[in-house]
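The opening position of the sequence shown corresponds to residue 1 in UniProt numbering, with each subsequent residue numbered one higher. Let me begin by presenting the structure, written as structure tokens, before commenting on it.
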Amino acid sequence: MTSIITSINDLITSIFEVVFSVVKNTFDTGYQLLLALVDFFADIPKMLEHTVKGSFEAVGGVGTFIASNIVVIAMIALGSYGYLVYIRRGGRPVQDGTKKLN
């Protein structure tokens with residue numbers, strides 16, 4: 001008779017443990033989902049900050065590259081213009097009347 005009572009006691013204990021385990025896992029899953037949702041919204045400002053910082057770094061690098069190229073292209077253009085003016089005048093210096101200007 002004692003073994004029957006022990007078996008029923010173990011059965012009831014097992015049923016309660018299963019129910020408790022299911023309830024605990026349900027609450028843990030809900031908590032983890034809530035935590036993931038909060039982390040998602042908390043990381044949005046960090047992501048935006050990182051994106052803006054990366055964009056500024058990229059624009060700074062590209063801006064420096066473009067500025068240096070503009071300087072080089074301007075020097076080439078001025079040199080070409082000066083050479084064309086020199087060739088157009090026949091390679092002679094500019095004169096105003098009898099004075100030599102160049």
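From the three backbone atoms N, C-alpha and C, an ideal C-beta is built for every residue, glycine too.
| Asked | Found |
| --- | --- |
| In angstroms with no decimal places, state the Cα-to-Cα distance between Val-85 and Phe-65. | 30 Å |
| For a test of the three-state rule: what should DSSP assign to Met-75, helix, strand or coil? | helix |
| In three-state DSSP terms, what is Gly-63? | helix |
| Using three-state DSSP, classify Arg-89 as helix, strand or coil. | coil |
| Would you report the Cα separation of Gln-32 and Thr-13, rounded to the nearest angstrom? | 28 Å |
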